[in-house]
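UniProt numbering numbers the first residue of the sequence shown as 1 and each following residue consecutively.
Even glycine gets a Cβ: it sits at the ideal position worked out from N, Cα and C.
Since the model is a prediction, treat every value here as computed from it, not as a measurement.
Report on the following structure.
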Amino acid sequence: MALKTGASFVRLNSLRQAVRLLSTHTRPEIQNGGKQAGFPGAKAAYVTQMKFLNENSYEPIPIYRVMENNGEIIDKREEPNIENETLVSMYKTMVQLSQMDKIMYESQRQGRISFYMTNYGEEGVQLGSAAALLPQDLCYLQYREAGVLLYRGVTVTEMINQCYGNCEDPSKGRQMPVHYGSSQRNIVTISSPLATQMPQAVGSAYAFKRMPNNDRCVICYFGEGAASEGDAHAAFNFAATLDCPVILLWCVLFSSQILRQVRNNGYAISTPSSEQYRGDGIGARGPAMGLHTLRVDGTDTLAVYNAVRSARDIAVGQNKPVLIEAMCYRVGHHSTSDDSSAYRSLEEIDKWNKEESPISKFKSYLERRGLWDDEADKACQKEARSTVLKTMQEAEKKKKPHWKEMLEDVYYDMPPNLQKQMREMENHLKKYGEHYPLNQYQSE
Ligand SMILES: Cc1ncc(C[n+]2csc(CCOP(=O)(O)OP(=O)(O)O)c2C)c(N)n1
Ligand SMILES: [Mg+2]
1 MALKTGASFV
11 RLNSLRQAVR
21 LLSTHTRPEI
31 QNGGKQAGFP
41 GAKAAYVTQM
51 KFLNENSYEP
61 IPIYRVMENN
71 GEIIDKREEP
81 NIENETLVSM
91 YKTMVQLSQM
101 DKIMYESQRQ
111 GRISFYMTNY
121 GEEGVQLGSA
131 AALLPQDLCY
141 LQYREAGVLL
151 YRGVTVTEMI
161 NQCYGNCEDP
171 SKGRQMPVHY
181 GSSQRNIVTI
191 SSPLATQMPQ
201 AVGSAYAFKR
211 MPNNDRCVIC
221 YFGEGAASEG
231 DAHAAFNFAA
241 TLDCPVILLW
251 CVLFSSQILR
261 QVRNNGYAIS
271 TPSSEQYRGD
281 GIGARGPAMG
291 LHTLRVDGTD
301 TLAVYNAVRS
311 ARDIAVGQNK
321 PVLIEAMCYR
331 VGHHSTSDDS
341 SAYRSLEEID
351 KWNKEESPIS
361 KFKSYLERRG
371 LWDDEADKAC
381 QKEARSTVLK
391 TMQEAEKKKK
401 PHWKEMLEDV
411 YYDMPPNLQK
421 QMREMENHLK
431 KYGEHYPLNQ
441 YQSE
């Protein structure tokens, strides 16, 4: 499908290009007849005027958007060519996601599961990006991207089984809730330590690049908090330096096909973005590190769709890494272990929830196109809610995995120390089994 988009990605490969961005009155006088110095580390002009650059030396990266808050398209040329059926399916997934979040959050509060994380406010980033990818693309998620899983076909049942850690949970109860994964849907299982997925994603992209006739890209989601981790910087740099065919020929072999999508939702638990970094956000790191970069309004599903579609073209078509910074707001608490009223005002949350809701904006767009109305919405909300409630009740009745599972699957051959623990546990349960709820667990 041809995509009409004017989204322009920024790439600054050298200081020379950066200097061009400075306004005329601050531009130092170029020496040496304009000839570039040929240092291995910088091809740049000589000047005699000393000037330190800082975050105010550049204009902030603008935020690309397609829709007004009322769903009206701002520039018709930017309206993506998405089939009606796909648009409705994207919206229905948003509704399913928000109903799942509501009920699963409550289920943790009632002590039925140990932990949960909601996705409120980030539905536009999740559904816009998921719809722009192809099924063969490999996804590395952080943890707040449940909509991506749903859109790619992971069922509510699979996700709720994972949260309940029952015998149908593919991770057999050994992961925290919301740490989903699905090899069938090309989604790598989520890791708790922040930024784990970032160098891994670059490595996968590198492997794809080396395959003949590759048509896959990797998308790596991460929060602005994760972007403060050392691994994030290593990942940025490997993605860029292993993919610079214009400068170093041998690098063609090493270039990677990757989209990295940072979800800048304003907070890393209780740390606001203002305390997380200086300068112009995560996006500003992209051009500085040689990545095609775009900042997008993450509450505008169509803008995210265009951004990721174009980025996919760059990644697969040109073997270039791309950084997209999707601006949004984490409307919910960080997780069920957090109470965000301790560090932000209710007015702040309310503003983002009411005026900037990605779901409302997208719904308005569908209504304008005559694809949706209040009646359809009511029915959809009702069905989504009953799917979650029914699935939750079924998940609760399923047995827990056999206790031996907690020691298995770590090593291919179980080492002697674990074998010893297994025998001790077996003997212990033979003696004291009546004191444990073994009937709730699978037996051999
Ligand atoms: C290496 C590491 N340090 C700290 C944590 C604890 N932790 C979990 S989530 C989180 C905040 C991450 O914020 P961000 O990346 O912005 O994602 P968000 O929760 O906003 O979606 C922190 C500090 C962790 N999981 N791993
Ligand atoms: Mg965040």
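Environment of residue i [buried if 16+ CB atoms lie within 10 Å]
{"i": "THR155", "result": "exposed"}
{"i": "SER386", "result": "exposed"}
{"i": "THR86", "result": "exposed"}
{"i": "LYS172", "result": "buried"}
{"i": "MET100", "result": "buried"}
{"i": "CYS361", "result": "At residue 361 the sequence reads Lys, which differs from the Cys that was named. Per the 10 Å Cβ criterion, buried."}
{"i": "SER192", "result": "exposed"}
{"i": "ARG423", "result": "exposed"}
{"i": "VAL95", "result": "buried"}
{"i": "ARG330", "result": "buried"}
{"i": "MET1", "result": "Confidence in MET1 is poor, its pLDDT being 39 and thus under 50, which makes the residue's placement unreliable; the coordinate value appears in the next sentence. By the neighbour-count rule (16 or more Cβ atoms within 10 Å), MET1 is not buried but exposed."}
{"i": "LYS431", "result": "exposed"}
{"i": "SER129", "result": "buried"}
{"i": "residue 477", "result": "The structure shown has nothing for residue 477, since the chain only spans 1 to 444."}
{"i": "ALA42", "result": "exposed"}
{"i": "TYR343", "result": "exposed"}
{"i": "LEU97", "result": "buried"}
{"i": "MET67", "result": "buried"}
{"i": "VAL410", "result": "exposed"}
{"i": "SER337", "result": "exposed"}
6 Å Cβ shell around residue i - same chain, five flanking residues per side excluded
{"i": "ASN214", "result": "PHE208"}
{"i": "GLY153", "result": "ARG185"}
{"i": "residue 475", "result": "There is simply no residue 475 to check, as the chain begins at 1 and stops at 444 in what is shown."}
{"i": "MET176", "result": "PHE115"}
Which listed residue (the options) has its alpha carbon closest to that of residue i
{"i": "THR241", "options": "THR336, LYS382, LEU291", "result": "LEU291"}
{"i": "GLN440", "options": "GLU396, TYR432, LYS102", "result": "GLU396"}
{"i": "LEU371", "options": "ILE30, MET90, ALA37", "result": "MET90"}
{"i": "MET117", "options": "ARG369, LEU138, ARG144, GLN110", "result": "ARG144"}
{"i": "LEU134", "options": "PRO80, VAL308, LEU302", "result": "VAL308"}
{"i": "ASN237", "options": "GLN36, LEU323, LYS400", "result": "LEU323"}
{"i": "THR301", "options": "ARG65, PHE39, ALA376", "result": "ARG65"}
{"i": "ARG112", "options": "SER310, ASP409, GLU394", "result": "GLU394"}
{"i": "PRO80", "options": "LEU389, LYS102, SER98, ALA132", "result": "ALA132"}
{"i": "GLN108", "options": "TYR164, ILE61, VAL95, ILE82", "result": "TYR164"}
{"i": "TRP352", "options": "ARG77, LYS420, LYS102, TYR120", "result": "TYR120"}
{"i": "GLN419", "options": "LEU407, ALA303, HIS428, LYS430", "result": "LEU407"}
{"i": "TYR365", "options": "LYS76, GLN36, HIS402", "result": "LYS76"}
{"i": "ALA379", "options": "CYS220, THR189, ASN32, LYS92", "result": "LYS92"}
{"i": "TYR436", "options": "TRP403, PRO287, MET414", "result": "TRP403"}
{"i": "ILE82", "options": "GLN110, GLY286, LEU127", "result": "LEU127"}
{"i": "residue 449", "options": "ALA226, TYR221, MET211", "result": "Here the chain covers residues 1 to 444 and nothing more, so residue 449 does not appear."}
{"i": "MET211", "options": "ASN319, ASP409, ASP297", "result": "ASN319"}
{"i": "ILE74", "options": "HIS179, CYS328, ALA303", "result": "ALA303"}
{"i": "VAL388", "options": "ASP339, TYR105, THR336, ALA376", "result": "TYR105"}
Same chain, Cβ closer than 8 Å to residue i, neighbours up to 5 away in sequence not counted
{"i": "GLU355", "result": "ASN69"}
{"i": "GLU367", "result": "GLY71, ASP373"}
{"i": "SER228", "result": "ALA268, GLN276, TYR277"}
{"i": "THR196", "result": "ASP231"}
{"i": "TYR305", "result": "PRO80, ILE82, GLY128, SER129, ALA131, ALA132"}
{"i": "ALA37", "result": "LYS43, ALA44, ALA45, TYR46"}
Per DSSP, cross-strand counterpart(s) of residue i
{"i": "PRO80", "result": "DSSP lists no partner for PRO80."}
{"i": "PHE39", "result": "ALA42"}
{"i": "SER182", "result": "ILE187"}
{"i": "ASP297", "result": "MET327"}
{"i": "GLY223", "result": "ARG263"}
{"i": "MET140", "result": "Before going further, note that residue 140 is Tyr rather than Met in the sequence given. Paired residue(s): VAL188, CYS220."}
{"i": "ILE61", "result": "DSSP output for ILE61 lists no bridge partner at all."}
{"i": "LYS400", "result": "TYR441"}
{"i": "ILE73", "result": "MET67"}
{"i": "ILE103", "result": "According to DSSP, which records beta bridges pairwise, ILE103 is partnered with nothing at all."}
{"i": "VAL47", "result": "ILE30"}
8 Å Cβ cutoff met for residue i and residue j
{"i": "GLY223", "j": "GLN162", "result": "no"}
{"i": "GLU59", "j": "VAL47", "result": "no"}
{"i": "THR299", "j": "GLY124", "result": "yes"}
{"i": "SER273", "j": "GLY266", "result": "yes"}
{"i": "LEU216", "j": "ASP280", "result": "According to the sequence as given, residue 216 is Arg; it is not Leu. Their beta carbons are not under 8 Å apart, which means ARG216 does not touch ASP280 by this criterion."}
{"i": "ARG285", "j": "ALA326", "result": "no"}
{"i": "ALA44", "j": "ASN32", "result": "no"}
{"i": "LYS398", "j": "CYS139", "result": "no"}
{"i": "ASN149", "j": "ILE187", "result": "Per the sequence shown, residue 149 should be read as Leu rather than Asn. Yes, these two residues count as a Cβ contact at 8 Å."}
{"i": "ARG295", "j": "PRO40", "result": "no"}
7 Å CB neighbourhood of residue i in its chain, flanking five on each side removed
{"i": "SER256", "result": "With a pLDDT of 36 at SER256, under the threshold of 50, the modelled position of this residue cannot be trusted; read the value that follows with caution. Result list for SER256: VAL202, ALA205, TYR206, LYS209, ALA239, LEU242, ASP243, PRO321, in chain order."}
{"i": "THR157", "result": "THR391"}
{"i": "TRP250", "result": "Note that TRP250 has pLDDT 26, beneath the 50 cutoff, so the model's placement of it is unreliable and no number is given."}
{"i": "MET198", "result": "CYS220, PHE222, ASP231, ALA232, ALA235"}
{"i": "HIS428", "result": "none"}
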